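Chains as they are written, first to last, in my numbering: chain V, 924 to 1082; chain G, 25 to 193. Backbone N, C-alpha and C fix where the C-beta goes; we use that ideal spot for every residue, glycine too. Note that the structure is predicted; figures quoted are calculated from it, not measured.
Here it is as structure tokens:
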């Protein structure tokens, strides 16, 4: 009885891609649904909780005024502290003496010199914590209005 | 001879493998692009302004041409609504005024408020401005919800231009 050697044919291992395709499909659908062509390229304090709204208007990134429960930022710079709802250094009888007013006046002069013909160049992107009272907000937006920035974009989260 | 037919049948019955490599290539590139543009929060805005001095010319107009400016006073106990216009007589403006009480609830009656604004908009379609005057203790979130209710109602535009102001006096 001759027993011949059985030649083992080498079969390459098969990679089961079904699971990976499943995961990629779900990931793709999720990312497509949450796709945004206007990405916010700045960070804001984690303590700020923005209100939600059904508005669909996209923001324009001009001057950014961020107000948390205890701090005010103009751009990346901290310009004032808030204590018990009162902005330190901001006296409504003399708002021109505040750091906020002076910084905004400087911005205004700079923008006037740039001669960019954009009707929205004096627009402020206003990001404010939803728990703050109007008393606090009013003093800030009034001061900004006096400095030549009466138009605002109130930042909200998409509902 | 019988053996070769058997082999032929086997090759016919072999499963056809779908080549998923090209589709994985596309998925990988697409997912990477979408991840780059992914944002954890979708920021939107409500355009508003603070009041500035301006000129207004008083011109008498027909009822449907009258442009009202709706005044929304956000009080602790409710919402007081009134209107201003250079084109309407005082009686018309008095008729427009009303009050929406909170009635011991934690939320403002924004649905009633919005329905009333819809009726106003139907009567005075050229009106497009609302001035919101909150009391000092009203929180920002409530102001935003009121602005939303004043600007749009189920995809119908109401008063898209919103001005926010403090109480004078």
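Reduced DSSP category for residue i - H, G, I as helix; E, B as strand; rest coil
i, result
"residue 140 of chain G", "helix"
"residue 158 of chain G", "strand"
"residue 1049 of chain V", "strand"
"residue 188 of chain G", "strand"
"residue 1017 of chain V", "coil"
"residue 1062 of chain V", "helix"
"residue 985 of chain V", "coil"
"residue 168 of chain G", "helix"
"residue 957 of chain V", "coil"
"residue 63 of chain G", "coil"
"residue 118 of chain G", "helix"
"residue 942 of chain V", "helix"
"residue 970 of chain V", "coil"
"residue 44 of chain G", "coil"
"residue 990 of chain V", "strand"
"residue 131 of chain G", "coil"
"residue 74 of chain G", "coil"
"residue 932 of chain V", "coil"
"residue 1024 of chain V", "helix"
"residue 1030 of chain V", "helix"
"residue 145 of chain G", "helix"
"residue 980 of chain V", "coil"
"residue 1035 of chain V", "helix"
"residue 950 of chain V", "helix"
"residue 1069 of chain V", "helix"
"residue 49 of chain G", "helix"
Contact set for residue i: own chain, Cβ-Cβ below 6 Å, skip 5 residues either direction
i, result
"residue 70 of chain G", "171"
"residue 173 of chain G", "134, 137 and 138"
"residue 82 of chain G", "Low per-residue confidence applies at residue 82 of chain G: pLDDT is 43, beneath 50, and the placement is therefore not dependable, though the value from the model is reported in the following sentence. Taken in chain order, the residues that qualify are 110."
"residue 1028 of chain V", "1070"
"residue 1075 of chain V", "1047 and 1049"
"residue 79 of chain G", "Only weak support exists for where residue 79 of chain G lies, its pLDDT of 41 falling under 50; the value from the coordinates is given anyway. Excluding residues within five positions, none has a Cβ falling inside 6 Å."
"residue 938 of chain V", "none"
"residue 1015 of chain V", "1062"
"residue 188 of chain G", "72 and 156"
For residue i: DSSP bridge partner residues
i, result
"residue 102 of chain G", "G/125"
"residue 68 of chain G", "V/1079"
"residue 93 of chain G", "G/108 and G/153"
"residue 176 of chain G", "G/181"
"residue 975 of chain V", "V/1080"
"residue 893 of chain V", "The structure shown does not extend to residue 893 of chain V, since chain V is modelled only from 924 through 1082, so no value can be given for it."
"residue 1009 of chain V", "V/1006"
"residue 163 of chain G", "V/1056"
"residue 1074 of chain V", "V/1046 and G/73"
Expected contact under 8 Å - CB spacing of residue i and residue j to nearest Å
i, j, result
"residue 164 of chain G", "residue 90 of chain G", "Actually they do not touch by this definition, with Cβ atoms about 32 Å apart."
"residue 153 of chain G", "residue 93 of chain G", "5 Å"
"residue 55 of chain G", "residue 947 of chain V", "6 Å"
"residue 230 of chain G", "residue 158 of chain G", "Here chain G covers residues 25 to 193 and nothing more, so residue 230 of chain G does not appear."
"residue 1005 of chain V", "residue 1059 of chain V", "6 Å"
"residue 74 of chain G", "residue 1073 of chain V", "5 Å"
"residue 113 of chain G", "residue 161 of chain G", "35 Å between Cβ atoms; not a contact."
"residue 126 of chain G", "residue 979 of chain V", "Actually they are not in contact, since the Cβ atoms of residue 126 of chain G and residue 979 of chain V sit about 29 Å apart, beyond 8 Å."
"residue 105 of chain G", "residue 122 of chain G", "5 Å"
Cβ neighbours of residue i in the same chain (closer than 8 Å, five flanking residues each side left out)
i, result
"residue 1052 of chain V", "970, 971, 972, 973, 990, 991 and 992"
"residue 976 of chain V", "1079, 1080, 1081 and 1082"
"residue 956 of chain V", "none"
"residue 1008 of chain V", "1055, 1056, 1058 and 1059"
"residue 167 of chain G", "98, 156, 158 and 188"
Neighbourhood of residue i by C-beta, 7 Å cutoff - its chain only, sequence neighbours within 5 removed
i, result
"residue 1044 of chain V", "985 and 1034"
"residue 1030 of chain V", "986"
"residue 1012 of chain V", "1003, 1021 and 1022"
"residue 182 of chain G", "141, 142, 145, 174, 175 and 176"
Min CB distance residue i to chain A below 8 Å
i, result
"residue 192 of chain G", "Chain labels in this structure do not include chain A; the protein chains are V and G."
Interface positions of the segment 151 to 174 of chain G facing chain V (Cβ-Cβ less than 8 Å), listed along the chain:
158, 159, 160, 161, 162, 163, 164, 165, 167, 168, 169, 171 and 172
When you check each C-beta in the segment 50 to 74 of chain G against every C-beta of chain V, which residues fall closer than 7 Å?
51, 54, 55, 58, 59, 61, 62, 63, 65, 66, 67, 68, 69, 70, 71, 72, 73 and 74
Mind listing which residues of the segment 1054 to 1068 of chain V have their C-beta closer than 9 Å to chain G's C-betas, in chain order?
1054, 1055, 1056, 1057, 1058, 1059, 1060, 1061, 1062, 1064, 1065, 1067 and 1068
Mind checking the segment 93 to 109 of chain G against chain V and listing, in chain order, the residues whose C-beta falls within less than 9 Å of any C-beta there?
98
Of all the residues that make up the segment 108 to 137 of chain G, which are near chain V by a beta-carbon distance shorter than 8 Å?
none
Name the residues in the segment 1004 to 1035 of chain V whose C-beta lies less than 7 Å from a C-beta of chain G; which are they?
none
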